[in-house]
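Data block below; observations after.
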Amino acid sequence: MNIVDTQEMYQHLRSKLEHVVPDFELKLKAEIAAEINQLKLEHNAIILGHNYMEPALFYSVPDFTGDSLELSRKAASTDKDVIVFCGVRFMAETAKILSPDKTILLPAKKAGCSLAESITAEDVRKLKVRFPDVPVITYVNTYADVKAESDICCTSGNAKAVVESFGTDTVIFLPDQYLARNVARETGKHIIFPSKLPKLDPDLDVQMIGWEGACEVHEQFTVDDIENARKQFAGIFVLAHPECPPEVCEAADFSGSTSAMVTAAHESGATRLLILTECAMGDNIAAQNPDKEIVRMCSIRCPHMNEITLEDTRESLKQARYVIDVPEDIRTRALAAVERMLAIGPSGEFKR
Ligand code: 13P
Ligand code: SF4
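If you're matching positions, the sequence shown starts at 58 in this note's numbering and goes up one per residue.
Here's what the structure looks like:
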């Protein structure tokens, strides 16, 4: 996105968002967004925007938008000097792992993730001692030192393909217990959580070893939410991210990565949709589908993704902040796990 004129930006944002964002806000945001695009040119920078960015940001400054997997691929292939990551820290770290010679900027200092906080590199080392020779698959929602202890990474867009790529009976899958349970169901695996089993039963058919991390957003959605929505909005089509509990994904009509949800929402014949993920993505889907009624639950938000604003993105480029670095020994080991994942390719979604 390269519009640098405020009036042109305002017209652009209006064409996308006039049904979703009040006009006075669009005027305000258009000025900042145009300034950001000018700064991008001056700094030879690219902006990557996750699907959870708020609508005015999402539709104005990113050169690419997408889910974690798509943005990792873009981070690996850009020739720009600077990557501003409008997402959370683990995503910016993944960009640094893939592009060590580039400056990676995260507009907000915090922008963490409850999943990334749920496990340490030491936790993974202990699991490897306890389950030697079992491949370790780590969700990208982890920090670089955890990736460095892993054989391969995965995202919600390719988790099933990554598990199946090993062709082994047993895998360790970290750290999201719900994504693990959803993938176990998809791949027909039996799952255990070592914290609940002080000693392994040798007769137990252990095919997936999980960890009890959870996304603080998706763990809050319930089957009741779906049932209530179905009662209130006849014919509603329900989409849930696979970080939701398995019973929620099973009660939904579709479950997949954020980009798979965007596509499914667009392609679904239904005119009423319930979007069970970070609420801003519901706004972005509403903007793209003015003919559809988009029901979202905005009392459940990701505080980390919401740290990223247009104002902070402008300051990020002006002040070259906050620079993301990964120690080289950790980076090279984490790179092997991320590159193995990228070699597998996108595998689509978990359909019921
Ligand atoms: P996606 O990889 O599906 O974009 O998910 C990232 C994330 O953090 C979801 O909460
Ligand atoms: Fe992490 Fe959940 Fe926020 Fe995604 S929505 S960044 S998994 S806390």
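Where is the CB? At the ideal position from N, CA and C, for every residue including glycine.
Cross-strand partners of residue i (DSSP beta bridge)
| i | result |
| --- | --- |
| Ala297 | Ser312 and Leu333 |
| Met318 | In the DSSP output, where bridge partners are listed per residue, Met318 has none listed. |
| Ile249 | Ile266 |
| Ile351 | Leu330 |
| Val395 | Bridge partners of Val395: none, in fact. |
| Thr122 | Gly106 |
Through-space distance from residue j to residue i, alpha-carbon basis
| i | j | result |
| --- | --- | --- |
| Lys185 | Val228 | 11 Å |
| Phe115 | Gly144 | 11 Å |
| Leu331 | Arg187 | 42 Å |
| Ser72 | Ala344 | 9 Å |
| Gly245 | Pro384 | 38 Å |
| Ile140 | Lys204 | 21 Å |
| Val211 | Val197 | Checking the sequence shown, residue 211 turns out to be Cys, not Val. Between Cys211 and Val197, the C-alpha separation is close to 6 Å. |
| Thr225 | Thr122 | 34 Å |
| Pro192 | Asp208 | 6 Å |
| Pro299 | Gly313 | 6 Å |
| Thr135 | Ile104 | 10 Å |
| Val219 | Glu92 | 41 Å |
| Gly214 | Tyr379 | 28 Å |
| Ala394 | Ala168 | 23 Å |
| Lys86 | Pro79 | 11 Å |
| Arg130 | Thr63 | 31 Å |
| Ser373 | Leu162 | 7 Å |
| Pro347 | Ala321 | 15 Å |
Cβ neighbour criterion (16 or more within 10 Å) applied to residue i
| i | result |
| --- | --- |
| Val274 | buried |
| Val77 | buried |
| Glu406 | Bear in mind that a pLDDT of 37 at Glu406, under 50, signals an unreliable position, so the model cannot answer this. |
| Glu65 | exposed |
| Arg353 | buried |
| Lys153 | buried |
| Gly292 | exposed |
| Ala400 | exposed |
| Asp262 | exposed |
| His355 | What sits at residue 355 in the sequence shown is Cys, not His. Cys355 comes out exposed. |
| Leu257 | exposed |
| Phe278 | buried |
| Thr328 | exposed |
| Gly270 | buried |
Where the beta strand (DSSP E) through residue i begins and ends
| i | result |
| --- | --- |
| His107 | Ala102 to His107 |
| Tyr196 | Val193 to Tyr196 |
| Glu372 | That residue, Glu372, is in no beta strand (DSSP E); its alpha helix (DSSP H) goes Leu367 to Gln376. |
| Phe230 | Val228 to Leu231 |
| Ile209 | Ile209 to Cys211 |
Nearest neighbour of residue i, chosen from the options [CA to CA]
| i | options | result |
| --- | --- | --- |
| Phe311 | Thr160, Val319, Val305 and Leu296 | Leu296 |
| Glu335 | Leu85, His107 and Ile60 | His107 |
| Lys159 | Met398, Ala377 and Ala393 | Ala377 |
| Leu96 | Phe81, Pro79 and Met58 | Met58 |
| Ser175 | Pro157, Thr151 and Asp202 | Asp202 |
| Val181 | Ala133, His69, Asp80 and Ile194 | Ile194 |
| Met362 | Cys272, Lys375 and Ala308 | Cys272 |
| Arg146 | Asn285, His100 and Ala173 | Ala173 |
Continuous alpha helix (DSSP H) stretch holding residue i: start and end
| i | result |
| --- | --- |
| Val141 | Unbroken run through Val141 is the beta strand (DSSP E), Val139 to Cys143; no alpha helix (DSSP H). |
| Thr151 | Arg146 to Leu155 |
| Thr160 | Per DSSP, Thr160 belongs to no alpha helix (DSSP H); it is in the beta strand (DSSP E), Thr160 to Leu162. |
| Ile435 | No answer is possible for residue 435: the residues shown for the chain start at 58 and end at 409. |
| Phe115 | Pro112 to Phe115 |
| Ser222 | Ala216 to Phe223 |
Contact test: residue i Cβ vs ligand 3 heavy atom, cutoff 8 Å
| i | result |
| --- | --- |
| Val274 | This structure lacks ligand 3; its bound ligands are ligand 1 and ligand 2. |
Residue i at chain D interface by Cβ criterion, 9 Å
| i | result |
| --- | --- |
| Cys355 | This model lacks chain D altogether, as it is built from one protein chain only. |
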